[in-house]
Amino acid sequence: MTSSTISLAVTALLIFGVGPDFGAVTGSRLYPIIGAVLTIALVLAVAMFVVCAFVWPIASASGNWQATSKARTGVLISVAGAVLAGSSLAWTNWLIDLGHTL
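Count the sequence shown with the numbering used here and you get residues 143 to 244, in order.
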């Protein structure tokens with residue numbers, strides 16, 4: 143990952159206010175851990191999406207089918223990673239509630 147990609151991801155984080163929803167998590171000691179993991183996963187997914195979405199049309203226009211295929215796969219994996227990062231909060235809440243019932 144290049145420094146321009148990282149700066150683009152940080153800029154998107156600051157402009158759009160992307161961050162975890164701490165109100166959805168119970169368990170005060172888990173706030174920093176879940177927040178850090180979700181933020182890192184989301185920033186990496188957005189950075190990967192931006193890079194792969196940038197490479198995909200360039201590789202396609204130049205006729206490089208190998209790079210096109212890898213960029214397309216990268217876009218799909220980054221979207222799946224963002225979905226998993228979002229759904230992990232619900233799963234964590236379920237596990238915390240399950241822990242309170244034991």
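In this text, a Cβ means the ideal position worked out from N, Cα and C, and glycines have one as well. On a predicted model such as this, the values are computed, not experimentally measured, just so you know.
Spatially closest choice to Leu226 from Arg171, Thr210, Val188, by CA coordinates
Val188
Is it the case that the stretch 174-182 contacts the stretch 204-216, given that we only count it when at least three CB pairs across the two stretches are under 8 Å?
no
So Ala213 and Ala201 are supposed to be a Cβ contact under 8 Å. How far apart are they, rounded?
Under the criterion of beta carbons closer than 8 Å, Ala213 and Ala201 qualify as touching, at roughly 6 Å.
Quick one: is Thr243 buried, meaning 16 or more other Cβ sit within 10 Å of its Cβ, or exposed?
exposed
Mind checking Ser229: buried by the 16 CB within 10 Å criterion, or exposed?
exposed
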